[in-house]
DNA sequence: AATGAATGAGCTTTCATTCAT
DNA sequence: AATGAATGAAAGCTCATTCAT
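Residue numbers (full-length UniProt numbering), protein chains in the order written: chain A, 1 to 222; chain B, 1 to 222; chain C, 1 to 222; chain D, 1 to 222.
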């Protein structure tokens with residue numbers, strides 16, 4: 001049976017296993033990610049695994065929750081640095097792409113979650129959507145969101161756009177070194193998405209949401 | 001070794017296996033969809049499977065290609081019935097949701113493909129995107145697509161919106177019998193998506209793409 | 001059930017299967033030599049196989065008997081061309097090596113027979129031994145075999161020497177093109193064994209058997 | 001993955017599996033010696049097998065190497081107890097037959113190795129041959145080997161004689177209880193081969209090798 | 001005479017999990 | 001807290017053989 005670690009040393013062991021599990025799940029898929037492999041990579045015995053996690057399924061769910069927390073924190077951090085509502089949204093979007101670029105595990109693990117742990121996947125999407133909805137409601141209050149737009153529907157649309165663009169231009173391009181081409185150096189500046197794609201995407205998003213649609217936004221790069 | 005069936009009887013057997021495999025993969029996931037289960041459901045011997053497919057992986061890829069073909073055909077059929085360009089796009093979108101509602105297998109199988117057969121998944125998305133791009137280019141020619149919108153980016157955004165909305169409002173709602181609640185009777189009228197959601201989504205899409213953005217479209221139901 | 005072929009065409013089919021089976025058994029071993037592979041190589045349907053052989057085991061035994069017949073014929077033909085008794089023996093030996101060089105299948109198939117069809121293997125060795133025994137008895141009558149030598153024991157010793165030398169210097173050397181190095185052109189002259197090894201072997205054999213032992217034989221090359 | 005046992009308990013388990021595998025391979029042949037059968041006979045779970053051996057092929061090779069080591073040790077032990085060179089050779093020969101009589105597995109497994117693990121089989125023969133060559137070279141130095149005899153060729157001839165005689169008079173006779181008939185009691189005295197056959201064989205060998213050939217040796221029994 | 005579709009037992013191998021130490 | 005030996009069910013896949021055509 002699993003339990004919370006009682007000592008600091010135990011805490012470190014548990015964290016190491018969780019970390020390694022994330023990588024292994026992402027690289028090999030849930031089913032090929034055997035406990036043997038995970039424990040070997042974490043340099044612990046197989047039995048040790050079961051001190052901290054009740055089952056393979058359980059680590060997987062933990063991994064999903066962990067990733068969800070991390071990506072949401074990155075998005076919140078980025079958007080709360082902005083003052084304008086849509087500017088905040090744009091910043092959050094960019095943060096999402098950056099996270100994806102830095103943690104391709106996110107995608108691959110979420111894909112698996114559809115089968116392995118559907119309820120946790122649902123939570124993942126719902127929590128991100130909630131963040132978008134909150135942001136859009138705030139924008140609405142400030143008159144920055146077109147009246148005819150439903151924040152709920154818009155939130156899921158934004159997520160879909162982000163996920164698909166992330167897959168297409170971040171993940172698939174990654175081996176080609178797209179990020180490097182951007183010439184950006186600090187993580188804050190690295191957009192994840194190629195800048196022209198990011199701009200085109202934001203233009204589309206802003207046309208959809210902004211009350212003053214049709215007015216092209218300035219071509220800022222995220 | 002697998003081979004193409006040489007007799008009509010063989011052709012029927014192969015088709016039955018492919019069909020059953022689609023269901024089983026969708027219901028249980030690639031890993032739990034054992035050959036034993038597939039062949040039992042298809043009511044053939046296990047060896048028979050290997051007359052027509054070289055491996056489990058191979059049927060899976062075949063299933064993905066088959067679904068891709070079917071969904072694209074449904075979309076093309078629906079949109080080519082319309083005359084206006086964006087009307088065609090709207091019709092294709094609706095067809096996608098209907099297909100999703102009728103074949104929830106599509107989603108679940110594509111999610112798995114990310115891990116099981118990434119190159120085939122890529123083909124799947126690229127082929128659908130190509131369809132959108134072609135439609136949007138045609139719309140551009142007729143002045144129905146805003147100048148500042150990149151058809152490529154828009155295509156992937158549309159796919160993302162469709163996929164996310166389909167997951168959220170078609171798949172997740174399905175056990176609740178949402179489709180039934182709609183009161184629609186013929187498959188043509190069944191929108192897949194609840195009509196108010198479909199409308200809200202189309203409003204957002206049309207704001208994003210149409211040159212006359214900001215002008216709310218009338219609330220047609222797909 | 002299998003039956004003897006009734007037509008000439010059937011005879012050809014059966015012969016083709018037997019021939020192909022010999023090759024496939026030699027190349028892949030009894031167990032990896034599947035009926036599918038054999039029939040495919042023979043370009044007949046799987047069912048056709050069972051028109052001529054009752055089972056896989058049966059073809060194998062037939063193959064063993066066939067090879068035994070062929071190697072004995074080669075040996076008899078070679079030795080009956082000689083007049084001296086030990087000269088005949090030497091010629092038979094050489095024929096054995098030549099056959100081995102030309103049909104490496106012989107070895108590989110006999111090795112398998114130990115497990116797959118032990119009684120047929122026994123027959124194989126006993127028949128060859130019988131040939132040697134007959135030759136040695138004739139030599140004894142002509143005073144060409146030392147009194148203290150038991151023909152039965154000598155026969156099996158000769159077979160052992162031939163088999164081991166064939167394995168060591170014919171089979172194992174074969175990829176190195178040892179036969180080619182000999183510069184011999186007609187099959188009759190090709191010794192199978194490198195000539196210096198063949199001579200050394202014959203010297204040893206003749207010392208063992210000849211009544212005038214210790215008298216080195218002239219270094220003829222087979 | 002297989003690994004060396006890390007505890008004493010593991011060492012015992014591995015040894016038991018290796019031992020049982022030798023018997024099962026000899027009795028049923030490589031192919032019919034299923035892992036299920038081996039592990040059942042060793043009274044361990046199937047998975048346990050794979051803790052110590054990577055595959056069926058791997059145990060088989062290990063078994064071959066193990067047998068090779070044991071038979072060579074038996075031969076060396078027997079021949080190093082003798083002082084005369086050819087006496088040593090004779091003692092080694094006898095040891096070989098005794099080993100064969102006590103471990104019929106040797107033959108049956110080596111036959112299989114031709115197909116299953118040819119390179120290991122080759123090592124097996126080469127190592128034994130090396131032993132003979134060393135012995136014969138030493139005999140040559142002491143003037144106990146005829147000048148015209150090539151030690152290399154003689155070594156392989158001796159192996160061939162030993163193998164064939166062992167097959168014919170040890171293995172094939174065994175079910176008839178030949179060894180028992182010999183009336184020998186201690187393993188040292190049990191010749192493996194019926195004494196008259198052993199003597200006849202040694203006579204032949206000594207004629208072939210000894211510089212004073214033609215001089216019948218006294219009919220000592222091994 | 002010839003075929004190829006169909007079968008299911010049986011193979012090797014993997015893996016999450018338990019437990020004694 | 002940590003380990004690694006042990007397990008056995010279950011997986012994917014092959015194959016000799018049968019049989020309807």
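Built from N, CA and C at the ideal position, the CB exists for glycine as well. All values reported here derive from a predicted model rather than from experimental measurement.
Residue i, enclosing alpha helix (DSSP H) - first and last residue
i, result
"residue 79 of chain B", "56-79"
"residue 133 of chain C", "118-141"
"residue 194 of chain A", "Per DSSP, residue 194 of chain A belongs to no alpha helix (DSSP H) and is neither H nor E."
"residue 92 of chain D", "85-102"
"residue 159 of chain A", "151-165"
8 Å Cβ cutoff, residue i in contact with chain A
i, result
"residue 208 of chain B", "yes"
"residue 204 of chain B", "yes"
"residue 75 of chain B", "no"
"residue 128 of chain B", "no"
"residue 42 of chain B", "no"
"residue 201 of chain B", "yes"
"residue 115 of chain B", "yes"
"residue 161 of chain B", "yes"
Residue i - DSSP class collapsed to helix/strand/coil
i, result
"residue 178 of chain B", "With a pLDDT of 42 at residue 178 of chain B, under the threshold of 50, the modelled position of that residue is not reliable, and the figure given next carries that caveat. DSSP places residue 178 of chain B in helix when its eight states are reduced to three."
"residue 172 of chain C", "coil"
"residue 115 of chain A", "helix"
"residue 49 of chain A", "helix"
"residue 3 of chain B", "coil"
"residue 38 of chain A", "helix"
"residue 249 of chain D", "Chain D is shown only over 1 to 222; residue 249 of chain D falls outside these bounds and no answer can be derived."
"residue 13 of chain C", "helix"
"residue 146 of chain B", "coil"
"residue 43 of chain C", "coil"
"residue 22 of chain B", "helix"
"residue 82 of chain B", "coil"
"residue 212 of chain D", "coil"
"residue 186 of chain D", "For residue 186 of chain D, the pLDDT reaches just 47, beneath the cut-off of 50, and the residue's location in the model is therefore unreliable, leaving the point undetermined."
Closer than 8 Å to chain D by CB, residue i
i, result
"residue 31 of chain C", "yes"
"residue 192 of chain C", "no"
"residue 38 of chain C", "no"
"residue 101 of chain C", "no"
"residue 11 of chain C", "no"
"residue 82 of chain C", "no"
"residue 146 of chain C", "yes"
"residue 165 of chain C", "yes"
"residue 35 of chain C", "no"
"residue 108 of chain C", "yes"
"residue 85 of chain C", "no"
Short CB-CB distance (under 8 Å) between residue i and chain C
i, result
"residue 137 of chain D", "no"
"residue 111 of chain D", "yes"
"residue 3 of chain D", "no"
Interface flag, residue i vs chain B, CB-CB below 8 Å
i, result
"residue 153 of chain A", "yes"
"residue 150 of chain A", "yes"
"residue 225 of chain A", "A query on residue 225 of chain A cannot be resolved here, the shown segment of chain A reaching from 1 to 222 and no further."
"residue 197 of chain A", "yes"
*asked:* Does the stretch 161-170 of chain D come into contact with the stretch 51-67 of chain D, if we say contact requires no fewer than three beta-carbon pairs (one atom in each stretch) closer than 8 Å?
replied: no
*Specify whether the stretch 11-27 of chain C and the stretch 36-50 of chain C touch according to this definition: at least 3 beta carbon pairs, one from each stretch, less than 8 Å apart.*
yes
*Indicate whether the contact test is met: 3 or more Cβ pairs, each with one atom in the stretch 204-211 of chain A and one in the stretch 26-33 of chain B, closer than 8 Å.*
no
*Contact the stretch 62-76 of chain B vs the stretch 96-116 of chain B: 3+ CB pairs below 8 Å*: yes
*contact_flag[the stretch 134-145 of chain B, the stretch 79-94 of chain B] where n(CB pairs < 8 Å) is 3 or more*: yes
*Counting Cβ pairs closer than 8 Å, one from the stretch 146-156 of chain B and one from the stretch 125-132 of chain B, do we hit at least three?*
yes
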